[in-house]
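Its first residue numbered 49, the sequence shown is counted upward by one per residue in our numbering.
This report refers to the structure that appears directly beneath it.
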Amino acid sequence: MNKATRKTVIAGNWKMNKTPAEGAELLTSMIPLVKDADCDVIACVPFVDLYAAQEATKGTNIKIGAENCHWAESGAFTGEISAQMLSAMGIEYVIIGHSERRQYFGETDVTVNKRVKAALKAGLTVILCVGEYLEQREQGVTAEVCAMQTKIALGGVTAEEMERIIIAYEPVWAIGTGLTATADQADEVCGIIRDVIAGLYNAEVAEATTIQYGGSMNDGNAEELLSKVNVDGGLIGGASLVAEKFAKIVSAASK
Ligand code: 13P
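Written out as structure tokens, the structure reads:
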């Protein structure tokens, strides 16, 4: 298997943006622009937008995902949403371990692993985020940091379940900063993550796993990033909030 046979996935991460009505409007304008995509197209939206987003995209090629889920099925966790709740409403995807969750909400590698396992158990496909801080890159430990995050997050995940894991390499210093990893930097770390998966499972699983790049990917730089052998898609923040920009990234991925 090689890049040509791996699934290319372009996913938007809306973060804490868009009301349900605004979200539906954005998706409605995106639908005709991405309808011929030759890649998977996902919009990960705030919990309260999920229903409106599903309604707006019914019968289209845009799939809807959530931005997080809790590890318990139910219980006394005020303000949290379980993976079961998401799958019960027909949601297929969930982002887990985004650096903003790690940075601002006390998410650790261990809680990321718990959430990943809960999401898989509920039948969801996980977009698992890993990535280094600028200081870590400068200290030369990018490979170690990304390997550690990947290994801990995937603890207890079977080779079969890896079919429902997408990994997003998101260097923290490139998120929302306008700084993008060069295509070679993105390719190098996505390749390192692929080697880690080969070590945890085998070469076949590693070759089949979709590994995205995320961090200021936009309509201007997507084509070069996506041309790299180890970059199988993108997780897009800011540019996913503008239909035309997101659609151009989808087009670049469809070439
Ligand atoms: P930006 O594309 O806004 O840099 O965000 C990237 C990101 O965090 C996607 O999850």
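C-beta atoms are modelled at their ideal positions from N, C-alpha and C, and glycine is treated no differently.
Keep in mind that this is a model prediction, so the values were computed, not measured.
Looking at the ligand 13P, does it come within less than 7 Å of residue i, judged from the CB to the closest heavy atom?
{"i": "residue 118", "result": "no"}
{"i": "residue 275", "result": "no"}
{"i": "residue 172", "result": "no"}
{"i": "residue 283", "result": "yes"}
{"i": "residue 263", "result": "yes"}
{"i": "residue 268", "result": "no"}
{"i": "residue 138", "result": "no"}
{"i": "residue 85", "result": "no"}
{"i": "residue 287", "result": "yes"}
{"i": "residue 218", "result": "yes"}
{"i": "residue 213", "result": "no"}
From which residue to which residue does the beta strand (DSSP E) around residue i run?
{"i": "residue 61", "result": "57-61"}
{"i": "residue 92", "result": "88-92"}
{"i": "residue 173", "result": "173-178"}
{"i": "residue 263", "result": "No beta strand (DSSP E) holds residue 263; DSSP gives it neither H nor E."}
{"i": "residue 227", "result": "Careful: residue 227 lies outside any beta strand (DSSP E) and carries neither H nor E."}
{"i": "residue 162", "result": "From DSSP, residue 162 is part of no beta strand (DSSP E) but of the alpha helix (DSSP H) over 157-169."}
{"i": "residue 222", "result": "It is not in any beta strand (DSSP E) - residue 222 carries neither H nor E in the DSSP assignment."}
{"i": "residue 216", "result": "213-217"}
So is residue i buried or exposed if we call it buried at 16+ other beta carbons inside 10 Å?
{"i": "residue 152", "result": "exposed"}
{"i": "residue 278", "result": "buried"}
{"i": "residue 180", "result": "buried"}
{"i": "residue 78", "result": "buried"}
{"i": "residue 80", "result": "exposed"}
{"i": "residue 210", "result": "buried"}
{"i": "residue 227", "result": "exposed"}
{"i": "residue 264", "result": "buried"}
{"i": "residue 50", "result": "exposed"}
{"i": "residue 125", "result": "exposed"}
{"i": "residue 232", "result": "exposed"}
What residues in its chain sit with their C-beta under 7 Å from that of residue i, if we drop five residues either side in the sequence?
{"i": "residue 155", "result": "145, 149"}
{"i": "residue 96", "result": "68"}
{"i": "residue 239", "result": "278"}
{"i": "residue 75", "result": "91, 101, 104, 105, 110"}
Cα separation between residue i and residue j?
{"i": "residue 243", "j": "residue 82", "result": "32 Å"}
{"i": "residue 299", "j": "residue 276", "result": "16 Å"}
{"i": "residue 114", "j": "residue 160", "result": "15 Å"}
Excluding the five sequence neighbours on either side, which residues of its own chain have a C-beta within less than 6 Å of the C-beta of residue i, listed in chain order?
{"i": "residue 72", "result": "100, 104"}
{"i": "residue 166", "result": "119, 131"}
{"i": "residue 254", "result": "242, 245, 246"}
Here's a check: name, in chain order, each residue in its chain whose Cβ is nearer than 8 Å to the Cβ of residue i, leaving out the five neighbours to either side.
{"i": "residue 21", "result": "What is shown of the chain runs 49 to 303, which leaves residue 21 out entirely."}
What I want to know is whether the C-beta of residue i ends up closer than 7 Å to one or more non-hydrogen atoms of the ligand MN.
{"i": "residue 129", "result": "The ligand MN is absent from the structure shown, which contains only the ligand 13P."}
Which stretch, first to last residue, makes up the alpha helix (DSSP H) that contains residue i?
{"i": "residue 82", "result": "68-82"}
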